[in-house]
Structure formats: C-alpha cells, structure tokens
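> Would you mind keeping the following structure in view while I ask a few things?
Residue numbers (the working numbering), protein chains in the order written: chain V, 1 to 115; chain X, 1 to 115.
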C-alpha cells in the first residue's frame, strides 16, 4: 500500500466532477458496488484521476477528473453506472450534490523530504 | 448539532476551489488555525459555502464555493490566510493539490423522508 497523495493530473484545462454525499445507515451493498464502479470509471476514455475522502460524520467527497465534457457524458450514460446511481438514490444516500466544473488553474505541492 | 449535508448553493455559474491534502503527523496547531480560517473564509465577500471531509488514511478534501474569480483572489490575498498557507507548507501538509474550477452544472438530491 502506497501513502495517500492527491491524484497526479495533466496541465489544465480539464473537468472536475465533485460528488458530495451523506450516506444512509448500514452498508446495503455499497462498498462492493463502490469498489467495482471506481475500477470501471478508471477504465473509461478520458478519465484522468480521482480523490475521495469520507469523514467520521458520514459526509464524503469524491472528485473525479476528466479530459472533457464528452468523457463525462459517456460515463454518465454507462449502463452499470446509471444502474448504480439509481440504486444510490434508493438506498445509499441521505443527500448529495453533484458539481461539474471546468478546471482553469491547478497547483500541486509535495513536501521536501527531511534530510 | 445538525445532520451533515452538502452545502446549499445558488444556481451556477460560480467557482469551486478544490483543496486536496495529506496531513503530516501530529496537530502542530492545525485544528485551531483551521477553525479560525473556516470562520474567516465564511465572512468574506463572495463566499457561498464549503464542504469538507477527511478520511482515516489522512487524505482530506475541502471544496469551497465562491461567487467569482475576484472573491477567490481577495481571499487568497487576505493576510491571515496567506500566513496560514505558508505555515501549512512548512508544517501541516505532506502534499496537496489545489484546483480552481468554474462550476457549469450542479444537481442536488435530498432523500424523501420515510413515512
């Protein structure tokens, strides 16, 4: 297992999809589907990377990065993803927001190794 | 204390600033400064809302939403915020990425109350 780090990405412009969600109680098959969908997303044309965090209060944020709007639309229309979204509204999420945003600037910092 | 929920926001367009960071070990004054800065940010002109999550692996994502680029620039140049950022690079963060992105579309879901 490698240390966690923010996704490595190319130079902008590209797109970010920010998914912010509060889960319902219990797993209800979420973990298995989430793992499957994350792998599937990473195989899609135009997928650039993803960062995800869920706090102890139940609010989680997943930011996926995509080459362009066409690759976001193709992933939205992927049958297995569409089915998982419907299941999510029915079972997994108390509330969520989705933002599609065009990345105009990006900056990355890695701490120099202490010597 | 209210239940967590994604930030309530106006209709797009507006801007998202996605800050994804891995912390160093120990608090080193982080929690106190973070609380102070979150309050300060919320008082700035053009601030619309914020969502934040940090997972058990140490990776955290904070997404703040702003009216326009001018309000992001003004907050970037705020003296106390600039000082905290310098302190963060020196002490708090192993790595981070910052993305400034223009929100083009947004969607929000709240689960119907079970009756």
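All C-beta atoms, glycine included, are put in the ideal place defined by N, C-alpha and C. Since we're looking at a predicted model, the values are computed, not measured.
1) Hey, out of 104(X), 93(X) and 61(X), whose CA is closest to residue 30(X)'s CA?
2) Taking just the CA atoms, how far does residue 72(V) sit from residue 68(X)?
3) Contact criterion: CB-CB distance below 7 Å. Does residue 91(X) meet it with respect to chain V?
4) At the level of alpha carbons, what is the spacing between residue 86(X) and residue 35(X)?
5) Kindly say whether residue 37(V), judged by its beta-carbon, lies nearer than 7 Å to any beta-carbon of chain X.
6) Given that residue 51(X) touches chain V, what residues does it touch there, using C-beta distances under 9 Å?
7) Looking at residue 11(X) and the ligand GTP, is the gap between the Cβ and the nearest heavy atom below 6 Å?
8) I'd like to confirm the pairing. Which residues does DSSP put opposite residue 51(V) in its beta bridges?
9) Looking only at DSSP bridge pairs, what is residue 16(V) linked to?
10) Compare the beta carbon distance of residue 99(X) and residue 17(V) with 7 Å and say whether it is the shorter of the two.
11) What's the gap between the Cα of residue 1(X) and the Cα of residue 62(X)?
12) For residue 60(V), count the other beta carbons within 10 Å of its own beta carbon; 16 or more makes it buried, fewer makes it exposed. Which is it?
13) Are the C-beta atoms of residue 47(V) and some chain X residue less than 7 Å apart?
14) List, in order along the chain, the chain X residues whose C-beta lies closer than 8 Å to that of residue 128(V)?
15) Here's the rule: buried if 16 or more other CB atoms are within 10 angstroms of the residue's CB, otherwise exposed. What is residue 11(V)?
16) Considering only the beta carbon of each residue, do residue 106(V) and residue 95(X) sit closer than 7 Å?
17) At the level of alpha carbons, what is the spacing between residue 26(V) and residue 80(V)?
18) Show which residues of chain V have a CB atom less than 7 Å away from the CB atom of residue 110(X).
This is what the structure gives:
1) 93(X)
2) 24 Å
3) no
4) 17 Å
5) no
6) 18, 20, 59, 61 and 97
7) Inclusion of the ligand GTP in the displayed structure is not the case, the ligand content being empty and no account of it being possible.
8) 63(V)
9) 65(V) and 101(V)
10) no
11) Its pLDDT being 48, under 50, residue 1(X) is placed unreliably by the model, and the measurement read from it follows with that caveat. Answer to the nearest angstrom: the Cα atoms are 20 Å apart.
12) buried
13) no
14) The structure shown has nothing for residue 128(V), since chain V only spans 1 to 115.
15) exposed
16) no
17) 22 Å
18) 95
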